[in-house]
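Residue numbers (my numbering): 1134 to 1420. Where a beta carbon is used, it is the ideal one built from N, C-alpha and C, also for glycine. Quick caveat: nothing in here was measured; it's all calculated off a predicted structure. Take a look at the structure set out below.
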Amino acid sequence: MQMLGATLVNGVVVGMMYGLLAMALILLLQTTGVFNFAQGDVGMLVAFVSWALITSGKWPVGLAVLASVPISAALGVLLYFVVIRPGRADPVGLSLRSLGLLVLFIALAQRTWGTNAPYTFPKLLPDSGVAVSGFNITWLQLATLVFTIALALLVSFILQRTRIGLMIRAVRANRVAAFELGVNVAAIEITAWAAAAVVSGVVGILFAMLTFLAPTMMAPFLLSAFAAAMLGGLYSMAGALAGGVLLGVVQSASSVYLNQPELTSLIAFLILVAGLLLRRERLALST
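So this is what it looks like as structure tokens:
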């Protein structure tokens, strides 16, 4: 029972982070048509910058984490001007540009902070926690769970209940019609990239606190987030979040009960392939 509870908690916490990153992927995919392969490594870079502020700049952990929000937003805007603005290509071409950024970000992190990974990211909260039904939930796990739920609800509220959310949905539905109706499409796209980067930055820091910090830490994480997005149909934010939690629990259970940690990436890959095949079949039936 204790092992089951701990497995579920770990799975849900990691799965919520999968879901958040999947929401960021869907936001960019629906507003600009780009699958940003570098989205996970935006979080990695932000986590490294925050870590450097703490370890080298002697910043308090809380202040460095707060500083990650404007840093993430600025990086998202920069990526928009690097990926989207230099001549709008087809979605595949734009996504390939982001693939190049993925390689660049990892190389930049290795060049700047070395390859002596993994590093330990200072925690905001102590390692102690609360006991529930015989197993321990750390304060960091609990805070991560509460914060990720709150952030997911905030993103959903903004998209569904605010004027800027309405404009984002209009651009997602038909960018030409939205432009003709007076929507500043470029501003909406920039906002989407900034928001997605902030979400990724939060995920990167939380993941580094819970596990480790390394230049390549987000590569398998991105695969799982994409699989979660596929479970949501590459459209539904709520579906992506639920898919992330489901995937996190399945991966956690396979790692504990089957004693096969390497299955975590394989499960995400199989879900991704199955989702792509089903999506292709659905498109074929609709034509």
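DSSP three-state label for residue i, please.
i       : result
Gly1315 : coil
Val1336 : helix
Phe1354 : helix
Gly1170 : Reading the sequence as shown, one finds Phe at residue 1170 and not Gly. It is coil, neither helix nor strand.
Phe1254 : coil
Thr1271 : strand
Ala1139 : helix
Please report the distance separating the alpha-carbon of residue i from that of residue j.
i       : j       : result
Leu1160 : Ala1264 : 37 Å
Ala1407 : Met1363 : 9 Å
Ile1270 : Leu1162 : 35 Å
Thr1349 : Gly1315 : 42 Å
Ser1261 : Asp1223 : 50 Å
Arg1294 : Tyr1390 : 42 Å
Leu1287 : Leu1153 : 11 Å
Leu1418 : Leu1399 : In this prediction, Leu1418 scores a pLDDT of 49, lower than 50, which makes its location untrustworthy; the coordinate-derived value is nonetheless stated afterwards. The alpha-carbon atoms of Leu1418 and Leu1399 are separated by roughly 29 Å.
Gly1233 : Ser1189 : 29 Å
Leu1416 : Leu1235 : The pLDDT assigned to Leu1416 is 46, lower than 50, so where the model puts this residue is not dependable, and the model offers no usable value.
Ala1330 : Ser1387 : 31 Å
Ala1139 : Arg1218 : 46 Å
Ignore the nearest five residues each way along the sequence and tell me which others in residue i's own chain have a CB closer than 7 Å to its CB.
i       : result
Ile1323 : Val1210, Tyr1213
Val1318 : Val1304, Arg1308, Ala1311, Phe1312
Ile1187 : Val1194, Ala1197, Pro1255
Trp1272 : Leu1258, Pro1259, Ser1261, Gly1262
Using a Cβ-Cβ cut-off of 6 Å (strictly less than) and excluding sequence neighbours within five positions of residue i, which residues of its own chain qualify?
i       : result
Gly1173 : Met1351, Phe1354, Leu1355
Ser1231 : Asn1169, Phe1170, Ala1171, Val1216
Since residue i and residue j are thought to touch, with beta carbons under 8 Å apart, how far apart are those beta carbons, to the nearest angstrom?
i       : j       : result
Leu1378 : Val1145 : The amino acid occupying residue 1378 in the given sequence is Val; Leu does not appear at that position. With a Cβ gap of about 6 Å, Val1378 and Val1145 count as contacting.
Ala1341 : Ala1206 : Wrong, their Cβ atoms sit about 19 Å apart, outside the cutoff.
Ala1155 : Gly1365 : 7 Å
Val1216 : Val1167 : 6 Å
Tyr1151 : Gly1334 : Actually they are not in contact, since the Cβ atoms of Tyr1151 and Gly1334 sit about 16 Å apart, beyond 8 Å.
Answer with yes or no whether the minimum CB distance from residue i to chain B is below 8 Å.
i       : result
Met1156 : Absent from the structure: chain B. Only one protein chain is present.
Apart from the five residues just before and just after residue i, which ones in its own chain have a Cβ nearer than 8 Å to its Cβ?
i       : result
Leu1208 : Val1175, Leu1178, Val1179, Ala1330, Gly1334
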